[in-house]
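Peer 1: Dropping the structure in here first, questions after.
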Amino acid sequence: MSKINSDLNLYNTSDRTVSKFVPLNPGKVGIYLCGATVQAPPHIGHIRSGVNFDILRRWLTAIGYDVTFVRNVTDIDDKILHKAVHEEIPWWAVAMKYERAFTDAYAALNVMPPSYEPRATGHITQMIQLMEKLIANGSAYAPGNGDVYLEVRKLKSYLTLSNQKLDDLQSADDADLTYKKDPRDFALWKAAKPGDPSWPTPWGDGRPGWHLECSAMAHAYLGEAFDIHGGGLDLIFPHHENEIAQSESAGWAFAKIWMHNAWVTTSGEKMSKSLGNSLQVMEILKKVRGIELRWYLGSAHYRSMLEFSFEALEESSVNFRRIEGFLQRAKEILKAEIEPSISAQFATAMNNDLAVPQALADISELVRIGNTAITENNLAALSKSASEVRGALGILGCDPFDPIFANSSSAKSEVLDGLISLALEQRNAARARKDFAASDAIRDSLTALGIIIEDTPTGSRWTVN
RNA sequence: GGUCGGAUGGCCGAGAGGCGAGGCUCAGGACUGCAAAUCCUGCUACACGGGUUCAAAUCCCGUUCCGACCUCCA
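The opening residue of the first sequence carries number 121 in this note's numbering; numbering runs sequentially from there.
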């Protein structure tokens, strides 16, 4: 597991093919993921992106790479300013409120904190430096009104990710050619409007355009060239195209591989922010555990649409509980912690552009083998399959033994265990004298409390429903 | 108008020329005092019309339907 596996293949939006991953620096991987614009609580679509790229990160780490993972926070933009007016609190309070909401959601789903989580407003200096560079080399211009634009007509290449032609783009209705040389030139920097937050620059007070921050921050933390840049499908154009334009104009090689996750959809449509709050992460976590929501969000391939329904979520949870139940039984039977390991089949699946659905099929097979081993009391086979199941679940961020998912203190559990054992002794005494009415009454009482009793060849075990 | 993606069984969801993914649900069986859990068996699908091929869910042509992006977006 510590050996670097050279067989990882990833899909690159740049050339729309799956090809072998070769890091820029041996043994190291730099990833920049476009994070959230913190202007509303996260819905499950937002968090799918976090989960998908967290799985990528965990897999890269598992196969031996030293991963630097950067995920930004866009804490200044039009929507945040509008929200501030609407909520009657300062813009920075809006940004912090929803940044916390995202942080909580990531934590609830066991998405690892990034190596660095830069905020746009903390990197104005880097943005100004980038703009100075772009203006100095003729790529960008400051028309004098406080705005700064990138001149897209001068680009050697543009729209390479989305495969579009500049002249085919529908021009914006509100394109103002008073200052722009071309309607498609995009703003690196926006002049301050009265009442809006602003920062001083050589071209006047203003605030960042949306695209500039990612180029500046990726450069600050990962350098001129890095391995993987990720984000949602909708960021391909214009955001990622413009990041490329800015960065390449600055002479940076920028990202080698572009990876984009697909949507969580409802009724076949992209989840929109106007859906109300029923699909917010924290609302769904009232119905299922974080580990179950993560299992569901991670279960489809990252490039496939995931058609959300509460029925599908529940089915997925049932599937997960079967696997979780197996690991817990295995731990009890083996009387030891299960050491995670990676099966060859799981590795093959993950190396194939993170083929998680295939990996899940392999996990199901391992669980079946393990359950059969329990029946046959084959501890060696049980240990092997349990290890491989736990190892796979760890990569998927769904290890039920991960302390982050623990739901009760051990001291409390000991008391509970003592009490239930007392009841089970009574029940087993009744069963021994074939007083099944009495034994079933005890089981029914426990069931009513949410405690499930299972009789096994080696005795009765209990779990909390 | 331009660009990109999709349609798979009751449901979710892989695959991408041949050897039935997997899960969930449902039905039957084994085990069990009865359950639960587990295991076994069954439910043979790929939008439509052509074509290529010994062989097509997969490739080609056409059609229908659905969705995404085109300067707010995970």
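Where a beta carbon is used, it is the ideal one built from N, C-alpha and C, also for glycine.
Note that this is a predicted model, so its numbers are computed, not measured.
Here's the rule I'm using: 16 or more other beta-carbon atoms within 10 Å means buried, otherwise exposed. How should residue 579 be labelled?
Peer 2: Here the question's residue 579 lines up with position 459 in the first sequence. Residue 579 is exposed by the Cβ-count criterion.
Peer 1: Determine the DSSP secondary structure at residue 217, reduced to helix, strand or coil.
Peer 2: By one-based count along the first sequence, residue 217 stands at place 97. In the structure shown, residue 217 sits in a helix (DSSP, three-state: H, G or I).
Peer 1: Please report the distance separating the alpha-carbon of residue 369 from that of residue 312.
Peer 2: Taking the first residue of the first sequence as position 1, residue 369 is located at position 249. Taking the first residue of the first sequence as position 1, residue 312 is located at position 192. Those two C-alpha atoms are separated by around 25 Å.
Peer 1: Work out the CA separation of residue 332 and residue 367 for me, nearest whole Å.
Peer 2: If you number the first sequence from 1, residue 367 lands on position 247. If you number the first sequence from 1, residue 332 lands on position 212. Rounded to the nearest angstrom, the gap between the Cα atoms of residue 367 and residue 332 is 9 Å.
Peer 1: How long is the line joining the alpha carbons of residue 306 and residue 316, rounded to whole angstroms?
Peer 2: In the first sequence, counting from the first residue as 1, residue 306 sits at position 186. In the first sequence, counting from the first residue as 1, residue 316 sits at position 196. Going by the C-alpha atoms only, they are around 20 Å apart.
Peer 1: On the DSSP bridge assignment, give the partners of residue 579 in chain order.
Peer 2: Here residue 579 corresponds to residue number 459 of the first sequence, with the count starting at 1. According to DSSP, which records beta bridges pairwise, residue 579 is partnered with 576.
Peer 1: Would you grab the beta carbon distance between residue 471 and residue 135 for me? Rounded to a whole angstrom, and I think it's under 8 Å.
Peer 2: Residue numbering aside, residue 471 sits at position 351 when the first sequence is read from its first letter. Residue numbering aside, residue 135 sits at position 15 when the first sequence is read from its first letter. Taking C-beta atoms under 8 Å as the contact rule, residue 471 and residue 135 fail to qualify, at a distance of about 19 Å.
Peer 1: By DSSP, does residue 139 sit in helix, in strand, or in coil?
Peer 2: Within the first sequence, numbered from 1, the residue matching residue 139 stands at position 19. If DSSP states are grouped into helix, strand and coil, residue 139 belongs with the strands.
Peer 1: With a threshold of 8 Å (Cβ to nearest heavy atom), would residue 282 be considered close to the ligand GDP?
Peer 2: The model depicted lacks the ligand GDP and carries no ligand whatsoever.
Peer 1: Tell me the rounded alpha-carbon separation between residue 424 and residue 209.
Peer 2: Translated into positions along the first sequence, residue 424 becomes position 304. Translated into positions along the first sequence, residue 209 becomes position 89. About 39 Å.
Peer 1: How should residue 442 be labelled, buried or exposed, when 16 other C-beta atoms within 10 angstroms of its C-beta is the threshold for buried?
Peer 2: What you label residue 442 is simply residue 322 of the first sequence in a count that begins at 1. Label assigned to residue 442: exposed.
Peer 1: Is the stretch 448-466 in contact with the stretch 490-503, if contact means three or more CB pairs nearer than 8 Å?
Peer 2: yes
Peer 1: Can you give me the start and stop residues for the beta strand (DSSP E) that residue 554 sits inside?
Peer 2: Translated into positions along the first sequence, residue 554 becomes position 434. Counting along the chain, residue 554 falls outside any beta strand (DSSP E), and DSSP gives it neither H nor E.
Peer 1: Which ranges would you report for the beta strand (DSSP E) in the stretch 139-175 if only whole runs of at least 3 residues count?
Peer 2: DSSP runs (the beta strand (DSSP E)) wholly in the stretch 139-175: 148-153.
Peer 1: Under 6 Å Cβ to Cβ from residue 273, same chain only, skipping five residues before and after it: list those, please.
Peer 2: Sequence index remark: in the first sequence, residue 273 carries index 153 (1-based). Cβ neighbours of residue 273 beyond the five flanking positions: 302.
Peer 1: Residue 393 to residue 159, Cα distance in whole Å?
Peer 2: By 1-based counting over the first sequence, the position of residue 393 is 273. By 1-based counting over the first sequence, the position of residue 159 is 39. For residue 393, the predicted model reports a pLDDT of 49, less than 50, meaning its position is unreliable; a value from the coordinates is still stated below. Distance between the alpha carbons of residue 393 and residue 159: 10 Å.
Peer 1: Any idea if residue 130 is buried or exposed, counting beta-carbon neighbours within 10 angstroms, 16 or more meaning buried?
Peer 2: As a working note, residue 130 is residue 10 in the first sequence. It is buried - the Cβ of residue 130 has at least 16 other Cβ atoms within 10 Å.
Peer 1: The alpha helix (DSSP H) that contains residue 206, what's its start and end?
Peer 2: Here residue 206 corresponds to residue number 86 of the first sequence, with the count starting at 1. Counting along the chain, the alpha helix (DSSP H) containing residue 206 begins and ends at 198-207.
Peer 1: Considering just the uninterrupted stretch of the alpha helix (DSSP H) at residue 324, what are its terminal residues?
Peer 2: Here residue 324 refers to the residue found at position 204 when the first sequence is read from its first residue. Residue 324 -> no alpha helix (DSSP H), and no H or E assigned at all.
Peer 1: Using C-beta distances below 7 Å, list every residue in its chain close to residue 373, excluding the 5 sequence neighbours before and after it, in chain order.
Peer 2: As a first step, residue 373 must be located in the first sequence, where it is residue number 253. Closer than 7 Å at Cβ, skipping near neighbours: 344 and 345.
Peer 1: Give, in chain order, every unbroken run of the alpha helix (DSSP H) that is at least 4 residues long and sits entirely within the stretch 312-393.
Peer 2: Counting whole runs of 4 or more residues, the stretch 312-393 contains the alpha helix (DSSP H) stretches 332-342 and 361-369.
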